[in-house]
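What follows is a single structure, written as structure tokens, with notes after it.
2 protein chains.
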Amino acid sequence: MNFTVTTLGSSSAIPTATRNPTSLLVNMNYRYFLVDCGEGTQIQLRRFHFKIQKINHIFISHLHGDHFFGLIGLVSSFHLIGRKDALHLYGSPLLEEIITMQLKATETDLIYPLIFHTVDAEKPQLIYEDEERYVKSFPLKHSIPTTGFLFGEKERPRKMKKSFLATENVPVEEIPKIKAGADYINEAGVIFRNKDITISPPKPKKFAFCSDTAYHEPVIEEIHDVNLLYHEATFKSDLEQVAGEKLHSTAAQAATIAAKAKAGALVIGHFSARYRELDSLLQEAREIFPNTWLAEDGKIFYVRDLQ
Amino acid sequence: MNFTVTTLGSSSAIPTATRNPTSLLVNMNYRYFLVDCGEGTQIQLRRFHFKIQKINHIFISHLHGDHFFGLIGLVSSFHLIGRKDALHLYGSPLLEEIITMQLKATETDLIYPLIFHTVDAEKPQLIYEDEERYVKSFPLKHSIPTTGFLFGEKERPRKMKKSFLATENVPVEEIPKIKAGADYINEAGVIFRNKDITISPPKPKKFAFCSDTAYHEPVIEEIHDVNLLYHEATFKSDLEQVAGEKLHSTAAQAATIAAKAKAGALVIGHFSARYRELDSLLQEAREIFPNTWLAEDGKIFYVRDLQ
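Top to bottom, those sequences are chains A and B.
Residue 1046 is where the first sequence starts when you use my numbering, and the numbers rise one by one after that.
Residue 1046 is where the second sequence starts when you use my numbering, and the numbers rise one by one after that.
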């Protein structure tokens, strides 16, 4: 499955000349999920040559402006370009009130269905599911109710070995059973064991998003074994106390969570505007978790199995 | 007086990869006025190396999202960076409701005074004034109440001729009277006529902003003789009917207004996202009003006397 994460904004509350506020685009086999939607997200999407119409699901972690002030603009643009498909928004119950009020104030009577889904910030929850994928939310530790999100592939059926199909004339109705794990018995009564006639599917992959949050070990259970972890790293360790007070994390703390969760790779983001260069944050994280990368605006990360 | 206009966004309702929604920064002798505040304006300001803290007055022409969705982000950033000075917002009475509601939803208790000034969209109005400058609003013709803005320098006192001050020992208290136009009589009873001992100050300059609006001749009276006119030109003339239906203007109509108002120069902007290249809009306008320029993002225009 093609599974990528594009970082659209890597700044914390205050944007800079080169870093937009938080937003990520998750592509799971050409189903597109937007995670957070800071101001300017729709412009970033266009800058990075993405057709905004492909987005049907938007997840908002919490109601600090740098994570959702771009949502009303995107919702309005969908209206102006004649969208017909439903748009699903997942987040705080207050989100509906904020968006609805602004649509009313701008006399916008949306021509497409806008469907709000309330996310419970108190406990882990399955919030989206289709035949191939699922999205779970889980609590983070921040100054207001905030959730992380886990994007996972579902277990896929086993694949038939071509060499077996070439030699045995298997009835079509038997194929799904074999793919689901059954053995096959041919007309002559010969038993073919499943493991000999099928190949294991790729291991399902997972991506987790954790922003904004203080260092919070309970998330480790929720994100264990993810192939890719995005974790906020607003500060360097010399400001660990400030990070604690503001309920944000340092680069070292993000790396510690990644290490304890046995993540495959770590992307850090949500950088304080005070940092002009980010190499020192990267180095700090890499000392604890070597496979760490910076969430620079426009950068694309593959979610893949490193084993 | 240093009098410039920086265009921060030149797109109409839908932004493009290279054109942000509407916003302009007016610098009148280092007092900074922001006109409209589409999504991403604060990021544009930073991109063009402007210190956002210098802005104390923001004018919003109307409540279509592409003209104000960036306001809440800017208001929030001011709060986060510890602003103390009052911020004055001028626009529809609904603006206060929209901003206040979002501040409440994001649990933001602003640490600086935010002062709303209601602009009457029905008739011309003086909405700002200080010792050197004034701002007037005037009605435009659009689908919702919309105002244009006129930024003007006040008449300045006459300047004393240095050659006269070098030969006559003029008492200090006489200087302001002479600068205001009085003649001077010295101790010997010699009369010096004002026009012989003073120099005329530079002619006051004016900049007018007209977006969004259909072709609307009543504005000509309000913007007559402006040195620089910004007028929207959403469409080319082949879409004049669409422009009329949507209460927008064509490039030719913008140029016609500029010509009839005897403007010094014209900047066109608010381009429909359908136009990838803008030269044809520019040529269309220049056929009617040769001194026309494109409002590309980041471009700075001097407001000056071309006579």
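Just so it is clear, CB atoms sit at the ideal spot from N, CA and C, and this is done for glycine as well.
Check your understanding: Could one say the Cβ of Ser1122 of chain A lies closer than 7 Å to chain B's Cβ atoms, at least one of them?
Key -> To locate residue 1122 of chain A, count along the first sequence from 1; it is residue 77. Closer than 7 Å: yes.
Exercise for review: Check whether the Cβ atoms of Ile1230 of chain B and Ile1236 of chain B lie closer than 7 Å to each other.
Suggested key: By one-based count along the second sequence, residue 1230 of chain B stands at place 185. By one-based count along the second sequence, residue 1236 of chain B stands at place 191. Yes, they are a contact pair.
Check your understanding: Between the stretch 1182-1193 of chain A and the stretch 1073-1091 of chain A, are three or more C-beta pairs nearer than 8 Å?
Key -> no
Point to revise | 7 Å Cβ cutoff, Arg1091 of chain B in contact with chain A | key: Within the second sequence, numbered from 1, the residue matching residue 1091 of chain B stands at position 46. Cβ-Cβ to chain A under 7 Å: yes for Arg1091 of chain B.
Review point. Within this structure, are the beta carbons of Asp1257 of chain B and His1293 of chain B separated by less than 7 Å?
Key: Here the question's residue 1257 of chain B lines up with position 212 in the second sequence. Here the question's residue 1293 of chain B lines up with position 248 in the second sequence. A contact, by the Cβ cut-off of 7 Å.
Check your understanding: Whose Cβ in chain A lies nearer than 7 Å to the Cβ of Pro1060 of chain B?
Key -> Reading the second sequence from its first residue, position 15 is the one you call residue 1060 of chain B. Per Cβ cutoff of 7 Å: Gln1087, Ile1088, Arg1091.
Exercise for review: Below 7 Å CB to CB, which residues in the same chain sit around Arg1349 of chain A once its five sequence neighbours on both sides are set aside?
Suggested key: Reading the first sequence from its first residue, position 304 is the one you call residue 1349 of chain A. The answer, listed in chain order, is Lys1250, Asn1272.
Practice item. Figure out for me which residue from B:Glu1219, B:Lys1224, B:Ala1306 has the closest Cα to the Cα of Glu1232 of chain B. Key: As a working note, residue 1232 of chain B is residue 187 in the second sequence. If we check each option's Cα against that of Glu1232 of chain B, B:Glu1219 comes out closest.
Point to revise | Residue range of the alpha helix (DSSP H) that includes Phe1209 of chain B | key: Mapped onto the second sequence, residue 1209 of chain B falls at position 164. Segment 1207-1212, the alpha helix (DSSP H) holding Phe1209 of chain B.
Practice item. Report the rounded CA-to-CA distance for Pro1246 of chain B versus Leu1326 of chain B, giving the unit in angstroms. Key: Looking up residue 1246 of chain B in the second sequence gives position 201. Looking up residue 1326 of chain B in the second sequence gives position 281. Pro1246 of chain B and Leu1326 of chain B: Cα-Cα distance of roughly 37 Å.
**Study point:** Coarse secondary structure for Asn1239 of chain A, derived from DSSP in three states
**Key:** The residue labelled residue 1239 of chain A in the question sits at position 194 within the first sequence. Helix at Asn1239 of chain A.
Exercise for review: Could you tell me whether the Cβ of Phe1377 of chain B comes closer than 7 Å to any Cβ of chain A?
Suggested key: In the structure displayed, chain B extends from 1046 to 1352; residue 1377 of chain B sits before or after that span and is not available.
Review point. Mind checking if Thr1359 of chain A is an interface residue toward chain B, Cβ cutoff 7 Å exclusive?
Key: What is shown of chain A runs 1046 to 1352, which leaves residue 1359 of chain A out entirely.
Check your understanding: Ile1160 of chain B to Gly1115 of chain B, Cα distance in whole Å?
Key -> Position 115 of the second sequence, counted from the start, is the residue given in the question as residue 1160 of chain B. Position 70 of the second sequence, counted from the start, is the residue given in the question as residue 1115 of chain B. Roughly 17 Å between the two C-alpha positions.
Check your understanding: If the cut is a Cβ gap below 7 Å, which residues of chain B does Phe1114 of chain A touch?
Key -> Along the first sequence, read from residue 1 onward, the residue named residue 1114 of chain A stands at position 69. Neighbours of Phe1114 of chain A on chain B, chain order: Ile1117, Gly1118.
Check your understanding: Is Ala1253 of chain A helix, strand or coil when you go by DSSP?
Key -> Position 208 of the first sequence, counted from the start, is the residue given in the question as residue 1253 of chain A. In the structure shown, Ala1253 of chain A sits in a strand (DSSP, three-state: E or B).
**Study point:** alpha helix (DSSP H) runs contained entirely in the stretch 1237-1317 of chain B, provided each spans 4 or more residues
**Key:** 1239-1242, 1263-1268, 1285-1290, 1296-1305
Review point. Should the stretch 1102-1113 of chain B be regarded as contacting the stretch 1069-1083 of chain B, the criterion being three or more beta carbon pairs within less than 8 Å?
Key: yes
Review point. Under 7 Å between C-beta atoms, does Ile1097 of chain A make it to chain B?
Key: Position 52 of the first sequence, counted from the start, is the residue given in the question as residue 1097 of chain A. Ile1097 of chain A does not count as touching chain B.
Practice item. Compare the Cα-Cα distances from Arg1178 of chain B to each of B:Lys1168, B:His1162, B:Phe1196, B:Phe1104 and report the closest residue. Key: As a position in the second sequence, residue 1178 of chain B is number 133, starting the count at 1. Arg1178 of chain B has its Cα closest to that of B:Phe1196, out of B:Lys1168, B:His1162, B:Phe1196, B:Phe1104.
Check your understanding: So who's on the other strand from Phe1161 of chain B, going by DSSP bridges?
Key -> Taking the first residue of the second sequence as position 1, residue 1161 of chain B is located at position 116. Answer is B:Leu1134, bridged to Phe1161 of chain B.
Practice item. Taking Glu1142 of chain A as the query, report the chain B residues whose CB atoms sit under 9 Å from its CB, ordered along the chain. Key: Locating residue 1142 of chain A in the first sequence gives position 97, counting from the first residue. Result: Met1146, Ala1150.
Exercise for review: Measuring only between beta-carbons, confirm whether Gly1054 of chain A sits less than 7 Å from chain B.
Suggested key: To locate residue 1054 of chain A, count along the first sequence from 1; it is residue 9. It does not: the Cβ of Gly1054 of chain A has no partner Cβ on chain B nearer than 7 Å.
Review point. Around the Cβ of His1107 of chain A, are there at least 16 other Cβ atoms within 10 angstroms (buried) or fewer (exposed)?
Key: For this step, residue 1107 of chain A is matched to residue 62 along the first sequence. Burial call: buried.
Exercise for review: Spell out whether any CB of chain B is found under 7 Å from the CB atom of Gly1110 of chain A.
Suggested key: For the purposes of this step, residue 1110 of chain A is taken as residue 65 along the first sequence, with counting starting at 1. Taking Cβ atoms only, chain B reaches closer than 7 Å to Gly1110 of chain A, which makes this a yes.
Review point. Which residue's Cα is closest to the Cα of Leu1284 of chain A: A:Gln1298, A:His1276, A:Leu1274?
Key: Walking along the first sequence from the start, residue 1284 of chain A turns up at place 239. Comparing Cα-Cα distances from Leu1284 of chain A to each of A:Gln1298, A:His1276, A:Leu1274, the minimum goes to A:Gln1298.
Point to revise | Backbone secondary structure at Leu1185 of chain A - three-state DSSP | key: What you label residue 1185 of chain A is simply residue 140 of the first sequence in a count that begins at 1. Coil.
Check your understanding: Which partner residues of Gly1193 of chain A appear in the DSSP bridge assignment?
Key -> Residue numbering aside, residue 1193 of chain A sits at position 148 when the first sequence is read from its first letter. Note: Gly1193 of chain A sits in a beta bridge opposite A:Phe1183.
Check your understanding: What number of angstroms, rounded off, separates the C-alpha of Lys1027 of chain A from the C-alpha of Tyr1157 of chain A?
Key -> Given a span of 1046 to 1352 for chain A in the structure shown, any question on residue 1027 of chain A remains unanswerable.
Point to revise | Pair within 7 Å by beta-carbon distance, Pro1169 of chain A and Phe1183 of chain A | key: Taking the first sequence and counting its residues from 1, the one referred to as residue 1169 of chain A is at position 124. Taking the first sequence and counting its residues from 1, the one referred to as residue 1183 of chain A is at position 138. Yes.
Check your understanding: Along the chain, where does the alpha helix (DSSP H) that runs through Phe1123 of chain A open and close?
Key -> Within the first sequence, numbered from 1, the residue matching residue 1123 of chain A stands at position 78. Counting along the chain, the alpha helix (DSSP H) containing Phe1123 of chain A begins and ends at 1116-1125.
Point to revise | Minimum Cβ-Cβ distance from Glu1084 of chain B to chain A less than 7 Å | key: On the second sequence, residue 1084 of chain B is found 39 positions in, with the first residue counted as 1. With 7 Å as the cut-off, Glu1084 of chain B counts as an interface residue toward chain A.
Review point. From what residue to what residue does the beta strand (DSSP E) around Arg1076 of chain A run?
Key: As a first step, residue 1076 of chain A is located in the first sequence; it is residue number 31 there, counting from the start. Per DSSP, Arg1076 of chain A belongs to the beta strand (DSSP E) from 1076-1080.
Review point. Looking at the C-beta of Leu1070 of chain A, does it have a partner C-beta in chain B at a distance below 7 Å?
Key: Start at 1 with the first residue of the first sequence, and residue 1070 of chain A comes out as number 25. No, no contact with chain B.
Practice item. Using a Cβ-Cβ cut-off of less than 8 Å, give me the residues of the stretch 1186-1212 of chain B that come near chain A, in sequence order. Key: Ile1189
Check your understanding: By Cβ distance, which residues of its chain are closer than 8 Å to Ile1223 of chain B, with the 5 residues on each side in sequence left out?
Key -> Taking the second sequence and counting its residues from 1, one reaches residue 1223 of chain B at position 178. These residues qualify, in order along the chain: Arg1203, Met1205, Val1215, Tyr1229, Asn1239, Ile1242, Thr1243.
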